[in-house]
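Reading through the structure tokens given below for one structure.
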Amino acid sequence: KWSRRLEELRAFRSVHGNCLVPHTYPRNPQLARWVKRQRRQYKLLKEGKVSTMTAERVALLDEAGFVWDSHEASWREKIVELRRYRVRHGNCLVPSNYRPDPSLAVWVKCQRRQYKLYQEGKPSAMNDERIRELEGEGFCWEVRGLASSAVGSALGGTNESTMTPPPHLLVASTEIDKVVRI
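So, in structure tokens, the structure goes:
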């Protein structure tokens, strides 16, 4: 049974390009539950607790490209998308109605909410490492009133509905190593 699920996981990867089986995967809910169970068993193994996970299974899953921490994988994917946005637009001010990638807009909003919870000492997925990484990208934690703030004035004003800088602003981009006109 375990080997059969491993084969299903490999088939999923060949179709989707990764092993990130959604938690609710209607085409194969058994595979989704199995993937979740593998992560749970791996965690138990790492904690030195009783587990059905073995070194052999870990190796087989690693060979298949199994993602042990789906939250971290999702974080990495969104950071890459945010970098692409910054290269294209010169900032990390993803509008809430960003049509090309609505999920990026939702993620950005979520990061701001998690940051606020973190600052208030409440449970949060945010941590110092993520804060440093986002700030290194030029992430802006507070965007309310940005258009009328000193930052907005320094940018020459912004379009409040999209929070994009004015067209005359030039931004240097390390990724493309040239100056881009927005």
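Heads up: the sequence shown begins at 1 in the UniProt record's numbering, then just goes up one per residue.
Even for Gly, the Cβ is constructed at its ideal location relative to N, Cα and C.
Which of helix, strand or coil DSSP assigns to residue i
i              : result
tryptophan 141 : coil
arginine 27    : coil
alanine 154    : The pLDDT assigned to alanine 154 is 41, lower than 50, so where the model puts this residue is not dependable, and the model offers no usable value.
lysine 43      : helix
leucine 6      : helix
alanine 11     : helix
valine 50      : coil
tryptophan 34  : helix
Top-ranked residue by Cα proximity to residue i, from the options
i              : options                           : result
alanine 125    : Glu137, Glu135, Arg112 and Gly136 : Arg112
isoleucine 131 : Glu81, Trp75 and Asn97            : Trp75
residue 183    : Val94, Lys46, Leu45 and Glu8      : Since the first residue shown for the chain is 1 and the last is 182, residue 183 is missing from the structure and cannot be characterised.
glutamate 137  : Gly121, Asp101 and Arg83          : Arg83
leucine 61     : Arg88, Gly17, Glu129 and Arg10    : Arg10
leucine 104    : Gln41, Tyr115, Val80 and Ser3     : Val80
tryptophan 2   : Leu44, Asn18 and Arg33            : Arg33
valine 94      : Phe139, Tyr118 and Gly48          : Phe139
Whether residue i touches residue j by CB criterion (9 angstroms)
i            : j             : result
valine 21    : valine 35     : yes
glutamine 38 : methionine 53 : yes
residue 185  : tyrosine 98   : A query on residue 185 cannot be resolved here, the shown segment of the chain reaching from 1 to 182 and no further.
valine 50    : asparagine 18 : no
Exercise. Residue ranges of each alpha helix (DSSP H) run of no fewer than 4 residues wholly in the UniProt domain "Helicase-associated" (71-139), ordered along the chain?
Worked result: The alpha helix (DSSP H) runs of length 4 or more contained entirely in the UniProt domain "Helicase-associated" (71-139) are, from start to end of the chain, 102-119 and 128-136.
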